[in-house]
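Worksheet: the structure to be examined is printed underneath.
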Amino acid sequence: MDFIAELKYKTSEDGGRKTPAFSGYRPQLKFVFTDLQSSGSQFFIDKNIVKPGETVIAQIKITSPQFYTNQLETEMEFEFREGEIIIGTGKIIEIINKTLEK
Numbered sequence: 094m095d096f097i098a099e100l101k102y103k104t105s106e107d108g109g110r111k112t113p114a115f116s117g118y119r120p121q122l123k124f125v126f127t128d129l130q131s132s133g134s135q136f137f138i139d140k141n142i143v144k145p146g147e148t149v150i151a152q153i154k155i156t157s158p159q160f161y162t163n164q165l166e167t168e169m170e171f172e173f174r175e176g177e178i179i180i181g182t183g184k185i186i187e188i189i190n191k192t193l194e195k
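Going by my numbering, the letters in the sequence shown line up with residues 94 to 195, in that order.
This is the structure:
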């Protein structure tokens, strides 16, 4: 795992998913400091399903962590997307993979 984050899923009315997401879901992550997007698996803590509009704490595993070496900080915010559609936002709570820490 690379970090733990609070994830806020947008409601379907706000342009988010129309269906729930299951633990292991893998949307693209987008940080403000780069145009690069990388898939990031979300493993929900204490639940298996998140409905649109809900907030959850999750462990995140980035598919290509080498692109984020020395660039992440706690409290840093990011978007998670399905293609160009922003389905939610996240905030880093704890960095587990210390090679990513700024």
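Cβ atoms here follow ideal geometry from the backbone N, Cα and C, with glycine treated the same way.
Less than 7 Å divides the Cβ of F96 from the Cβ of I153.
Listed in chain order, the non-local C-beta contacts of Q130 below 6 Å within the same chain comprise Q121 and K123, local neighbours out to five positions each way being set aside. Secondary structure at E106: helix, using DSSP grouped into helix, strand and coil. Secondary structure of Q159 (DSSP, three-state): helix. E194 is bridged by DSSP to L165.
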